[in-house]
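Residue 2 is where the sequence shown starts when you use my numbering, and the numbers rise one by one after that.
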Amino acid sequence: MGNYRTLITSLLGSALLSLACTSQALTLTPKQEKHLTEAREEMGLGPDDMLKRHICLWDLSGRSGPIFNGATNLRLDLLRYKIDISLEAFTNEGAMVASLKNGQCDAALMSGFRARQFVRFSGTIDAIGALPSLKHMDMLMRSIALPQLSENMVSNKYQTLAVTPAGAAYLFVNDKRLNSLERVAGKKIAVLDFDPGQSKMVAQIGATPVATTLATAPNQFNNGSVDVLPAPLVAYQVLELYKGMEPDGGIVDYPIVQLTAQLIGQTDRFPPAFAAVIREVAADSFSSIQSALEKEAGQIPATWWIDVDQHEKQEYDSMMRAARLKLRETGYYDATMLKIMKRIRCKLDPQRPECSQDTE
Numbered sequence: 002m003g004n005y006r007t008l009i010t011s012l013l014g015s016a017l018l019s020l021a022c023t024s025q026a027l028t029l030t031p032k033q034e035k036h037l038t039e040a041r042e043e044m045g046l047g048p049d050d051m052l053k054r055h056i057c058l059w060d061l062s063g064r065s066g067p068i069f070n071g072a073t074n075l076r077l078d079l080l081r082y083k084i085d086i087s088l089e090a091f092t093n094e095g096a097m098v099a100s101l102k103n104g105q106c107d108a109a110l111m112s113g114f115r116a117r118q119f120v121r122f123s124g125t126i127d128a129i130g131a132l133p134s135l136k137h138m139d140m141l142m143r144s145i146a147l148p149q150l151s152e153n154m155v156s157n158k159y160q161t162l163a164v165t166p167a168g169a170a171y172l173f174v175n176d177k178r179l180n181s182l183e184r185v186a187g188k189k190i191a192v193l194d195f196d197p198g199q200s201k202m203v204a205q206i207g208a209t210p211v212a213t214t215l216a217t218a219p220n221q222f223n224n225g226s227v228d229v230l231p232a233p234l235v236a237y238q239v240l241e242l243y244k245g246m247e248p249d250g251g252i253v254d255y256p257i258v259q260l261t262a263q264l265i266g267q268t269d270r271f272p273p274a275f276a277a278v279i280r281e282v283a284a285d286s287f288s289s290i291q292s293a294l295e296k297e298a299g300q301i302p303a304t305w306w307i308d309v310d311q312h313e314k315q316e317y318d319s320m321m322r323a324a325r326l327k328l329r330e331t332g333y334y335d336a337t338m339l340k341i342m343k344r345i346r347c348k349l350d351p352q353r354p355e356c357s358q359d360t361e
């Protein structure tokens, strides 16, 4: 449990805490200050009135954790702009989600997987295979901060105030020969029990999905109960996944999903102009987050990486695309977000086979 606690802190910390850490020198641009002034006027606040909101955070170490401490630094900086946020730490993400639903929290910081139930548009960012790299993620972060997409970030009572990347998930395997879809067929692959997208994709290639949780999956891989484990690179060291890969395993060098953390707020507590400021500040923090994630990737010994040829990459892309389309039809993924991410993929790589098709 201790290692699991460290993994979650590392994952969310790289995304959530980076915003807080970089904000120690937070200075709003003239445009952002204008938006903030407009938001204050919408709420009937005078120039010297304090805007107060209650923010809930998921930090498994509670009030002593790095996420909570980083948010405390952010709180102090925001006071200069007459914004006073009170903070509450939750060690259980499910309990925090319930508190947001019952109105205890004005906003809550959570994983992208959990955010989907509140705002399907932003929750679809974590779709399987939708964003091949951090460069794609950067373009998307700047796109969703644009005013013309602000309405998509709102879903009835809730809205997405910020999205930050938490790194890509890769396939950790116990056999280097599992570098193609054909060879993965018949093998046992760990899937999160609350994400149907993973199970659909695994079943599609003829492999056996094994339902797991974030807490149990690493041990199942390390003790050989599953052959393949999708996981972020930070898990290599923190959860000692090299034990599950020894002696003949590795990491398939092709990301399957870009993980995110998202700040979900009550719509009536954050007027549009105020929400726009938060999204712009979050988008501007991308470079510091990217540096942290690239540093993590650089710590993986080169011997573990399993090369994937172009043909196999296209096979992976086709499989993940089919899974996305099925989940779109069931209403699990948002069609508009899928289209936006496809446009980004085709902008960066116009030669992708999907770019000549109009099915996503």
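Heads up, the beta-carbon is just placed ideally off N, CA and C, and yes, glycines get one too.
(message) If contact is defined by three or more beta carbon pairs under 8 Å, each pair taking one atom from either stretch, is the segment 191 to 207 in contact with the segment 243 to 255?
(response) no
(request) List the endpoints of the continuous alpha helix (DSSP H) containing residue 313. (result) In the sequence shown, the residue the question calls residue 313 occupies position 312. Counting along the chain, the alpha helix (DSSP H) containing residue 313 begins and ends at 311 to 330.
(message) Considering just the uninterrupted stretch of the beta strand (DSSP E) at residue 50, what are its terminal residues?
(response) What you label residue 50 is simply residue 49 of the sequence shown in a count that begins at 1. Note, residue 50: premise wrong, no beta strand (DSSP E); not H, not E.
(request) Return the bridge partner residues of residue 189 from the DSSP annotation. (result) Numbered from 1 along the sequence shown, position 188 holds the residue referred to as residue 189. BP columns for residue 189 point to 209.
(request) Give the secondary structure of residue 119 by DSSP, where H, G and I count as helix, E and B as strand, and everything else as coil. (result) On the sequence shown, residue 119 is found 118 positions in, with the first residue counted as 1. Coil at residue 119, not helix or strand.
(request) Have a look at residue 295 and residue 234 and give me their C-alpha separation to the nearest angstrom. (result) The sequence position of residue 295 within the sequence shown is 294, counting from 1. The sequence position of residue 234 within the sequence shown is 233, counting from 1. One C-alpha to the other measures close to 10 Å.
(request) Less than 8 Å between the CB atoms is what I'm expecting for residue 261 and residue 167, so what's the real figure, rounded? (result) Here residue 261 is taken as the residue at index 260 of the sequence shown, counted from 1. Here residue 167 is taken as the residue at index 166 of the sequence shown, counted from 1. Going by Cβ atoms, the distance from residue 261 to residue 167 rounds to 6 Å, so yes, they are a contact pair.
(message) Within a Cβ cutoff of 8 Å, which residues of the same chain sit near residue 3, ignoring the five residues on either side of it in sequence?
(response) Counted from its first residue, the sequence shown places residue 3 at position 2. Interpretation of residue 3 is limited by its pLDDT of 47, a score under 50 that renders its predicted location unreliable; no figure is taken from the coordinates.
(message) Considering only their Cβ atoms, is the gap separating residue 65 from residue 94 smaller than 8 Å?
(response) Here residue 94 refers to the residue found at position 93 when the sequence shown is read from its first residue. Here residue 65 refers to the residue found at position 64 when the sequence shown is read from its first residue. Not closer than 8 Å, so no.
(request) Excluding the 5 residues preceding and the 5 following residue 24 in the sequence, name in chain order all residues of the same chain whose CB lies nearer than 6 Å to its CB. (result) In the sequence shown, residue 24 corresponds to position 23, counting from 1. Because residue 24 sits at a pLDDT of 40, beneath the cut-off of 50, its placement in the model cannot be relied upon, and the following sentence gives the value as read from the coordinates. 75 and 78.
(request) Take the Cβ of residue 214 as the centre, count every other Cβ of all protein chains shown within 10 Å, and call the residue buried at 16 or more, exposed below. (result) Residue numbering aside, residue 214 sits at position 213 when the sequence shown is read from its first letter. That one is exposed.
(message) Quick check on residue 196: does DSSP put it in helix, strand or coil?
(response) Within the sequence shown, numbered from 1, the residue matching residue 196 stands at position 195. Of the three classes helix, strand and coil, the one that applies to residue 196 here is coil, per DSSP.
(message) What does the Cβ neighbour count give for residue 147, buried or exposed, with the cut at 16 atoms within 10 Å?
(response) Along the sequence shown, one-based indexing puts residue 147 at 146. Residue 147 is exposed by the Cβ-count criterion.
(request) With distances taken Cα to Cα, identify the nearest neighbour of residue 197 among 188, 186, 185 and 211. (result) Locating residue 197 in the sequence shown gives position 196, counting from the first residue. Ranking 188, 186, 185 and 211 by Cα distance to residue 197 puts 211 first.
(request) Please go through the same chain and pick out, in chain order, the residues whose beta-carbon is closer than 7 Å to the beta-carbon of residue 138, but skip the five residues on each side of it. (result) The residue labelled residue 138 in the question sits at position 137 within the sequence shown. Excluding positions up to five away in sequence, the list reads 132, 166 and 259.
(message) Considering just the uninterrupted stretch of the beta strand (DSSP E) at residue 89, what are its terminal residues?
(response) Within the sequence shown, the letter at position 88 stands for residue 89. Where residue 89 is concerned, the enclosing beta strand (DSSP E) stretches over 84 to 91.
(request) Provide the residue span of the beta strand (DSSP E) that contains residue 171, from first to last. (result) On the sequence shown, position 170 is the one that residue 171 refers to. It spans 159 to 174 - the beta strand (DSSP E) in which residue 171 sits, taken as one unbroken run.
(message) I need the DSSP call for residue 245, collapsed to helix, strand or coil.
(response) Reading the sequence shown from its first residue, position 244 is the one you call residue 245. Helix at residue 245.
(message) For a test of the three-state rule: what should DSSP assign to residue 204, helix, strand or coil?
(response) Working through the sequence shown from its first residue, we reach residue 204 at position 203. In the structure shown, residue 204 sits in a helix (DSSP, three-state: H, G or I).
(request) Within its chain, find whatever has a CB closer than 7 Å to the CB of residue 334; leave out the 5 residues flanking it on each side and keep chain order. (result) Looking up residue 334 in the sequence shown gives position 333. Only 125, 128, 325 and 328 meet the Cβ criterion.
(message) Looking only at its chain, what residues have a beta carbon closer than 6 Å to the beta carbon of residue 227, apart from the 5 residues adjacent to it on each side?
(response) Taking the sequence shown and counting its residues from 1, one reaches residue 227 at position 226. Counting only Cβ-Cβ distances below 6 Å, and skipping sequence neighbours, we find 189, 191, 211 and 221.
(message) Between which residues of its own chain and residue 244 is the CB-CB distance below 8 Å, once the five residues before and five after are set aside?
(response) Translated into positions along the sequence shown, residue 244 becomes position 243. 223.
(message) Tell me which residues share the same chain as residue 63 and place their Cβ nearer than 6 Å to its Cβ, disregarding the 5 neighbours each side in the sequence.
(response) Indexing the sequence shown from 1 puts residue 63 at position 62. Here the set comprises 90 and 92.
(message) Taking its Cβ as the centre, do 16 or more other Cβ atoms sit within 10 Å of residue 152, making it buried, or is it exposed?
(response) Counting from one through the sequence shown, the residue named residue 152 turns up at place 151. Residue 152 is exposed by the Cβ-count criterion.
(request) Helix, strand or coil for residue 232, going by three-state DSSP, please let me know. (result) By one-based count along the sequence shown, residue 232 stands at place 231. Note: residue 232 maps to strand in three-state DSSP.
(message) When you compare the CB positions of residue 156 and residue 98, do they come within less than 8 Å of one another, or not?
(response) Within the sequence shown, the letter at position 155 stands for residue 156. Within the sequence shown, the letter at position 97 stands for residue 98. Cβ distance not < 8 Å, so residue 156 and residue 98 don't count as in contact.
(request) Assign residue 140 to one of three DSSP states: helix, strand, or coil. (result) Position 139 of the sequence shown, counting from 1, holds the residue named residue 140. Helix, per DSSP.
(request) Report the residue from 349, 353 and 231 whose alpha carbon sits nearest the alpha carbon of residue 173. (result) Here residue 173 is taken as the residue at index 172 of the sequence shown, counted from 1. It is 231.
(request) Could you say which of 341, 352, 359 and 332 lies nearest to residue 142 if we only look at CA atoms? (result) What you label residue 142 is simply residue 141 of the sequence shown in a count that begins at 1. Here the closest residue by C-alpha is 341.
(message) Which residue wins for smallest C-alpha separation from residue 199, given the options 305, 309, 320 and 181?
(response) For the purposes of this step, residue 199 is taken as residue 198 along the sequence shown, with counting starting at 1. Here the closest residue by C-alpha is 320.
(request) Give the single residue among 361, 290, 204 and 102 whose Cα lies nearest to the Cα of residue 169. (result) Looking up residue 169 in the sequence shown gives position 168. The candidate whose alpha carbon is nearest that of residue 169 is 290.
(request) Below 8 Å on the Cβ atoms is my guess for residue 107 versus residue 54; work out the distance and round it to an integer in Å. (result) As a working mapping, residue 107 is identified with position 106 in the sequence shown. As a working mapping, residue 54 is identified with position 53 in the sequence shown. So it is a contact: roughly 4 Å between Cβ atoms.
(message) According to DSSP, simplified to helix, strand and coil, what is residue 273?
(response) As a working mapping, residue 273 is identified with position 272 in the sequence shown. The answer is helix: DSSP assigns residue 273 an H, G or I state.
(request) For the beta strand (DSSP E) containing residue 79, list its first residue and its last residue. (result) Here the question's residue 79 lines up with position 78 in the sequence shown. Run containing residue 79: none in the beta strand (DSSP E); it sits in the alpha helix (DSSP H), 67 to 79.
(message) Checking 8 Å against the spacing of the C-beta atoms, do residue 343 and residue 361 come in under that value?
(response) Here residue 343 corresponds to residue number 342 of the sequence shown, with the count starting at 1. Here residue 361 corresponds to residue number 360 of the sequence shown, with the count starting at 1. For residue 343 and residue 361, yes; Cβs fall inside 8 Å.
(message) Whole angstroms are fine: how far does the CA of residue 40 sit from the CA of residue 144?
(response) Within the sequence shown, numbered from 1, the residue matching residue 144 stands at position 143. Within the sequence shown, numbered from 1, the residue matching residue 40 stands at position 39. Taking the straight line from one Cα to the other gives about 21 Å.
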